[in-house]
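Residue numbers (UniProt numbering): 1 to 222.
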Amino acid sequence: MNGYHSTMKISEPISNNCIQRVNNFRPLQTIMSFRLIPKSFLWLSATILIITLGGCEALQNLLGGSSYPVKRVSDGDTITVTDSSGKNISVRFACVDAPEVPHKVEERKSRKLVDKSQFKWGEKAQQRVQQLVKQGGDRVKLTVTDTDQYGRKISEVRLTDGTFIQQVLVTEGLAQVYRPYLKNCPSAAIIDAAEADAKKRRVGVWSDKKYVSAWEWRRNNK
1 MNGYHSTMKI
11 SEPISNNCIQ
21 RVNNFRPLQT
31 IMSFRLIPKS
41 FLWLSATILI
51 ITLGGCEALQ
61 NLLGGSSYPV
71 KRVSDGDTIT
81 VTDSSGKNIS
91 VRFACVDAPE
101 VPHKVEERKS
111 RKLVDKSQFK
121 WGEKAQQRVQ
131 QLVKQGGDRV
141 KLTVTDTDQY
151 GRKISEVRLT
161 DGTFIQQVLV
171 TEGLAQVYRP
181 YLKNCPSAAI
191 IDAAEADAKK
201 RRVGVWSDKK
211 YVSAWEWRRN
221 NK
């Protein structure tokens with residue numbers, strides 16, 4: 001989870017979509033309002049500059065429209081994307097903590113009710129993220145809020161249509177608010193409200209009396 005939209009080489013044709021995005025770029029529209037300079041010259045100059053510096057990728061970065069292809073969904077709150085150079089980037093969802101999935105053989109074989117509950121919801125959360133990512137064409141947009149001790153990018157993650165993955169998970173009771181990450185979360189109020197609603201409706205983990213939070217489970221299984 002190949003990076004930003006692939007860089008367009010100067011020899012490649014400029015797509016109609018790219019041209020339209022240049023036309024709609026507000027700062028460029030403002031510059032073009034200057035009557036002493038021919039608009040055709042301004043448009044051509046701006047387009048050549050953008051293409052030279054990185055093509056539509058540069059334009060999309062400028063407009064905040066870049067998205068990353070998803071390479072892997074590791075669990076309910078961790079994905080791997082790739083950047084334009086093909087480098088893998090590990091992304092940890094900001095704001096939330098999803099139930100854990102089993103990583104060790106003994107965890108998979110555990111008969112403890114608390115483990116079975118944890119892994120059941122962890123697998124449901126992972127499957128939901130996989131479903132959402134597929135729904136979004138295997139691409140996501142990131143709002144990076146921090147980097148953790150493992151080098152993962154703590155990020156709000158959205159599909160290209162704006163669907164906020166963390167909000168979906170919390171609303172469905174497949175993730176809980178994670179206070180250590182919430183302080184830097186731009187959408188903290190949205191996530192808090194989603195959790196309050198999920199609790200009230202007793203959906204997902206809130207319906208399971210045997211479930212313990214992911215952070216508590218990790219603490220007890222160090």
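Backbone N, C-alpha and C fix where the C-beta goes; we use that ideal spot for every residue, glycine too. Predicted model, so just to flag it, every value in this text is computed and none were measured.
Its chain contains Leu132, Val157 as the residues whose beta carbon lies nearer than 6 Å to that of Ile165, once the 5 sequence neighbours on both sides are disregarded; these appear in chain order. For Pro180, the enclosing alpha helix (DSSP H) stretches over residues 179-182.
Excluding five sequence positions before and after Asn184, the CB atoms of its chain that fall closer than 8 Å to its own CB belong to Ala94, Thr145, Asp146, Ile154, given in chain order.
DSSP places Ser207 within a helical segment (H, G or I) once states are collapsed to three. Between Thr171 and Asp197, the gap from beta carbon to beta carbon is short of 8 Å.
Beyond the five residues adjoining it in sequence on each side, Leu113 comes within less than 6 Å, by CB distance, of Lys210 in the same chain, given in chain order. It is roughly 16 Å from the alpha-carbon of Gln149 to the alpha-carbon of Thr80. When the five nearest sequence neighbours on each side are left out, the beta carbons in the same chain lying within less than 8 Å of the beta carbon of Gly136 are those of Leu159, Thr160, Asp161, Thr163, in order along the chain.
Of the residues Asp75, Lys104, Val177, Leu174, the one whose Cα lies closest to the Cα of Val91 is Asp75.
Following the DSSP letters along the chain, one finds Phe119 inside the alpha helix (DSSP H) bounded by residues 113-135. At a Cβ-Cβ threshold of 8 Å, Ser213 and Gln176 count as neighbours.
Ala193 and Arg179 have their alpha carbons spaced roughly 14 Å apart.
The beta carbon of Glu195 lies closer than 6 Å to those of Val170, Val177 in the same chain, with the five residues before and after it left out. Taking a 10 Å sphere around the C-beta of Glu100, we find 16 or more other C-beta atoms and assign the residue as buried. Around the Cβ of Gly204, a 10 Å sphere holds 16 or more other Cβ atoms; the residue is buried. Residue burial annotation: Arg128 is buried, with at least 16 other C-beta atoms found within 10 angstroms of its C-beta. Distance between Ala125 and Phe119, taken at the CA atoms: about 10 Å.
In this chain, the alpha helix (DSSP H) harbouring Leu169 covers 165-171. Trp217 and Ser66 have their C-alpha atoms roughly 36 Å apart. In the three-state scheme derived from DSSP, where H, G and I count as helix and E and B as strand, Val144 is classed as strand. The beta carbon of Ile191 lies closer than 8 Å to those of Cys95, Val96, Gln166, Gln167, Val170, Val177, Leu182, Cys185 in the same chain, with the five residues before and after it left out. One alpha carbon belongs to Asp115, the other to Leu142, and they sit about 31 Å apart.
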